[in-house]
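The number in our numbering is simply the position in the sequence shown, starting from 1, with 1 added.
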Amino acid sequence: MIRVASLGSGSRGNATVIECGATRLLIDCGFNLKTIEARAAEAAFDLSSLTAILVTHEHSDHIGGVSKLARRYKLPIYTTVGTWHAKPQTEVPQLNFLCSHSPVQIEEVCVYPVAVPHDAREPVQFVFEYDGLRFGVLTDLGSISAHVAEVVSDLDGLLIEFNHCVERLRTGSYPASLKRRVGGEFGHLNNAQALDFVQQLDHQRLQLLVAGHISEQNNCSEVVAEMLAPLSSTIDRIQIASQRQGFDWLEIAHPA
Ligand SMILES: [Zn+2]
Ligand SMILES: [Zn+2]
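Given below as structure tokens:
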């Protein structure tokens with residue numbers, strides 16, 4: 002069984018936990034120490050039970066709280082050289098560099114980094130494999146490259162960004178340069194891109210779908226939920242992650 006939970010999802014901070022057996026990996030920490038500790042306490046999650054922190058890229062909503070958290074709980078960090086050099090953090094307990102195209106075993110879990118098109122130095126997302134189950138985390142990418150489509154496949158569960166609605170972004174209050182960035186090839190997935198990708202996946206196998214990194218300015222979770230409703234006939238569980246609360250533990254397991 003793989004369990005997954007989030008302490009917040011969106012442009013104001015991300016932190017996702019993947020639990021495989023006794024191995025608990027935190028993907029990103031975009032919250033300061035006080036906030037992440039408060040949220041973990043609220044969710045009855047013990048941060049000292051973490052095995053390691055994986056960092057996807059250097060944007061502050063992903064890396065902002067990483068070094069302090071790593072120091073406080075003596076956690077090793079896994080990230081790419083590019084991410085680290087873009088925003089070097091001081092005095093972390095243990096630093097492990099990931100190659101963006103090679104899997105790495107972290108205790109019980111096989112972690113497949115996935116290079117993604119995003120406006121950062123060497124951004125990756127991840128597929129986690131444990132006990133024959135595969136869970137993908139796919140946020141912060143402007144487009145689905147052939148590489149992403151190839152690696153992020155054969156999934157039992159997926160957390161994917163439904164970042165913005167093209168029309169809301171176009172008519173919204175962002176300055177033109179930011180609209181171009183968010184909507185561009187190296188920005189974020191819009192609802193239609195994310196839905197299209199999900200529709201291509203093998204729904205026989207996919208049991209859990211979580212929509213996350215939803216923009217508070219340029220999207221609306223009700224709209225995303227409505228878009229996803231027709232998929233509930235083929236996918237067991239569909240969830241929406243929120244900026245404030247993320248989502249509570251969800252699991253994927255082999256059919257009984
Ligand atoms: Zn982000
Ligand atoms: Zn980003």
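Just so it is clear, CB atoms sit at the ideal spot from N, CA and C, and this is done for glycine as well.
I'd like to know whether the C-beta atoms of residue i and residue j end up nearer to each other than 8 Å.
i: Ile215; j: Ala226; result: no
i: Trp250; j: Arg13; result: no
i: Ser68; j: Thr36; result: no
i: Phe136; j: Ile161; result: no
i: Ser7; j: Gly158; result: no
i: Phe187; j: His119; result: yes
i: Gly247; j: Ser50; result: no
i: Met228; j: Asn192; result: yes
Just to confirm my understanding: we take residue i, look at its own chain, exclude 5 residues before and 5 after, and list those with CB closer than 7 Å. What are they?
i: Ser101; result: Thr81, Pro114, Ala116, Glu123 and Val125
i: Ile28; result: Thr17, Ile19, Leu55, Thr57, Phe127 and Val138
i: Ser233; result: Ile239
i: Gly185; result: Gly143
i: Ile145; result: Gln194 and Phe198
i: Pro231; result: none
Under the criterion of a Cβ to heavy atom distance below 7 Å, does residue i qualify as lining ligand 1?
i: Asp141; result: yes
i: Asn15; result: yes
i: His346; result: Outside the shown range of the chain (2 to 257) lies residue 346, about which nothing can therefore be said.
i: Ser12; result: yes
i: His214; result: yes
i: His148; result: no
i: His60; result: yes
Give me, in chain order, the residues of the same chain whose beta-carbon lies closer than 8 Å to that of residue i; leave out the 5 immediate sequence neighbours on both sides.
i: His86; result: Arg122
i: Gly133; result: His255
i: Tyr175; result: Val183, Gln218 and Asn219
i: Val224; result: Cys166 and Asn192
Taking the C-alpha atoms as reference points, what is the distance between residue i and residue j?
i: Leu96; j: Arg72; result: 11 Å
i: Pro94; j: Arg169; result: 43 Å
i: Gly83; j: Ala257; result: 43 Å
i: Val105; j: Tyr79; result: 10 Å
i: Lys88; j: Thr235; result: 42 Å
i: Pro77; j: Ala53; result: 5 Å
i: His165; j: Gly143; result: 11 Å
i: Asn33; j: Gly66; result: 5 Å
i: Ser243; j: Cys30; result: 15 Å
i: Thr24; j: Asp155; result: 22 Å
i: Leu48; j: Glu59; result: 22 Å
i: Val147; j: His204; result: The displayed chain sequence assigns Ala, not Val, to residue 147. Whole-angstrom Cα-Cα distance: 20 Å.
i: Arg171; j: Gln218; result: 11 Å
i: Arg1; j: Ser222; result: Residue 1 lies beyond the residue range present for the chain, which begins at 2 and ends at 257; the question has no answer from this structure.
i: Lys75; j: Glu151; result: 35 Å
i: Val211; j: Thr140; result: 11 Å
i: Met2; j: Gly173; result: 42 Å
i: Ser103; j: Ile253; result: 24 Å
i: Ala177; j: Val149; result: 28 Å
i: Glu43; j: Leu70; result: 17 Å
i: Arg40; j: Phe98; result: 28 Å
i: Val153; j: Glu38; result: 31 Å
Looking only at its own chain, which residues have a Cβ that is under 6 Å from the Cβ of residue i, when we skip the five neighbours before and after it?
i: Glu130; result: Cys111
i: Gly22; result: Glu109
i: Ala195; result: Ile161 and Phe163
i: Arg182; result: Gly188
i: Asn15; result: Asp29, Gly31, Asp62 and His63
i: Phe46; result: none
Does the beta-carbon of residue i, which I'm using as the reference point, lie nearer than 7 Å to any heavy atom of ligand 2?
i: His165; result: no
i: Ala121; result: yes
Throw me the rounded Cβ distance for the residue i and residue j pair, which I believe falls under 8 Å.
i: Gln208; j: Asp237; result: 5 Å
i: Leu179; j: Ile107; result: 35 Å between Cβ atoms; not a contact.
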